[in-house]
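Each step along the sequence shown adds one to the number in the numbering used here, with nothing skipped, and position 123 is 196.
Some notes on the structure that comes next.
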Amino acid sequence: MDSYTKIEKIGEGTYGVVYKGRHKTTGQVVAMKKIRLESEEEGVPSTAIREISLLRELHHPNIVCLQDVLMQDSRLYLVFEFLSMDLKKYLDTIPSGQYLDRSRVKVTLFFFPFLLHPFQSYLYQILQGIVFCHSRRVLHSDLKPQNQLIDDKGVIKLADFGLARAFGIPVRVYTHEV
């Protein structure tokens, strides 16, 4: 944690607290998820172990990037790339019933036929992330707008892999006979 400075708290949940932070040397803005370690006897929560192990293997433009894992004073910090908004906050900025306003879509497609409507783009990107996970035999298991983060360029990324599961080839039944 000596390499990072906390800027502000940006979220809280059952897992712990998320802070906006900055790398002291590079100046890069990051998100730091502080995991509560309730008791030393139980160790690191299984959700944190799952999230770390899966995100170390999943590298894709539509999956949040885990940059570092740190332990300090019996606290575990997961350091992620920083994304300024989640899909829920974005949807809350749009007036009710205007998510796919046909007039906005027609104008956009008429003047810029190469551009997708933001919702089409987001859906496409979310599906790209899901397809990548499934091709790596990973099920996210907690897809909701709060776990889909958006950067300032409109790139959406799947986040919070604490409930994700890796599924493998069915276990072969072996016999003791040779």
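All C-beta atoms in this analysis are idealised placements derived from N, C-alpha and C, irrespective of residue type, glycine included.
If you're wondering where the values come from, they're calculated on a predicted model, not measured in any experiment.
What first and last residue would you give for the alpha helix (DSSP H) that runs through Asp141?
Numbered from its first residue, the sequence shown carries residue 141 at position 68. Segment 139-145 is the beta strand (DSSP E) holding Asp141; no alpha helix (DSSP H) there.
Pull up the distance between the alpha-carbon of Tyr77 and that of Val204, whole angstroms please.
Here residue 77 refers to the residue found at position 4 when the sequence shown is read from its first residue. Here residue 204 refers to the residue found at position 131 when the sequence shown is read from its first residue. Those two C-alpha atoms are separated by around 33 Å.
Spell out the partners DSSP gives Thr78 in its beta bridges.
Residue numbering aside, residue 78 sits at position 5 when the sequence shown is read from its first letter. Secondary-structure assignment with DSSP links Thr78 through a beta bridge to Arg95.
Taking just the CA atoms, how far does Leu164 sit from Leu143?
For the purposes of this step, residue 143 is identified with residue 70 of the sequence shown, where counting begins at 1. For the purposes of this step, residue 164 is identified with residue 91 of the sequence shown, where counting begins at 1. In this model, Leu143 and Leu164 are separated by some 33 Å (Cα to Cα).
Near Asp225, what residues of its chain come up, given a Cβ to Cβ distance below 8 Å and the 5 sequence neighbours on each side ignored?
Counting from one through the sequence shown, the residue named residue 225 turns up at place 152. Within the same chain, Asp225 has close Cβ partners Ser157.
Spatial neighbours of Gln140 in its chain, beta-carbon cut-off 8 Å, leaving aside the 5 residues before and after
Indexing the sequence shown from 1 puts residue 140 at position 67. Same-chain partners within the cutoff: Val103, Val152, Phe153, Glu154.
Do Leu160 and Tyr195 have their beta-carbon atoms positioned less than 9 Å apart in this structure?
Translated into positions along the sequence shown, residue 195 becomes position 122. Translated into positions along the sequence shown, residue 160 becomes position 87. Result yes, Cβ atoms of Tyr195 and Leu160 sit closer than 9 Å.
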